[in-house]
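Heads up: the structure comes next, in structure tokens.
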Amino acid sequence: MLLASLVVLLAGAFAPLFGAAWQHLVVVGGGLTLLSAAAIGWSAWRLQNLDWPNETLNSLRETWRWLGAQMTSRLRSR
Numbered sequence: 050m051l052l053a054s055l056v057v058l059l060a061g062a063f064a065p066l067f068g069a070a071w072q073h074l075v076v077v078g079g080g081l082t083l084l085s086a087a088a089i090g091w092s093a094w095r096l097q098n099l100d101w102p103n104e105t106l107n108s109l110r111e112t113w114r115w116l117g118a119q120m121t122s123r124l125r126s127r
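50 is the number of the first residue of the sequence shown in our numbering; add one for each residue after it.
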């Protein structure tokens with residue numbers, strides 16, 4: 050949406066050169082730019098404030114412990 054709004058703003062910038070109305074392009078392009086920038090900002094904020102799921106972290110720890118135990122038991126069995 051950000052890319053599309055920038056294209057509309059660019060069209061609004063070149064519209065006077067061709068004698069076309071440009072006001073509606075600038076209003077819509079600017080509004081979409083603000084909306085998409087707000088959406089990107091909210092998404093970035095949301096990603097920074099997410100907590101890792103505890104079950105996932107515990108599962109990873111358990112897997113590493115299991116792998117360590119497997120490696121040491123294979124070394125001893127040789």
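Each residue gets a CB set at the ideal place from its N, CA and C atoms; glycine is no exception. Source: prediction; values computed, not measured.
> Helix, strand or coil: how does DSSP classify Asn107 here?
Replying inline: Helix, per DSSP.
> Along the chain, which unbroken stretches of the alpha helix (DSSP H) at least 4 residues long are found entirely within the segment 53 to 88?
Replying inline: Segments of the alpha helix (DSSP H) lying fully in the segment 53 to 88: there are none.
> By Cβ distance, which residues of its chain are closer than 8 Å to Ala64, with the 5 residues on each side in sequence left out?
Replying inline: Cβ-Cβ distances below 8 Å link Ala64 to Ala70, Trp71 and Leu74 in the same chain, with the five nearest sequence neighbours on each side left out; the list follows chain order.
> Does the segment 111 to 124 come within contact of the segment 80 to 99, defined as at least 3 CB pairs closer than 8 Å?
Replying inline: Too few Cβ pairs lie closer than 8 Å, so no.
> In its own chain, which residues sit with a C-beta less than 7 Å from the C-beta of Ser54, not counting the 5 before and 5 after it?
Replying inline: Around Ser54: Gly78, Leu81, Thr82 and Ser85.
> How long is the line joining the alpha carbons of Val76 and Phe67, rounded to whole angstroms?
Replying inline: Those two C-alpha atoms are separated by around 18 Å.
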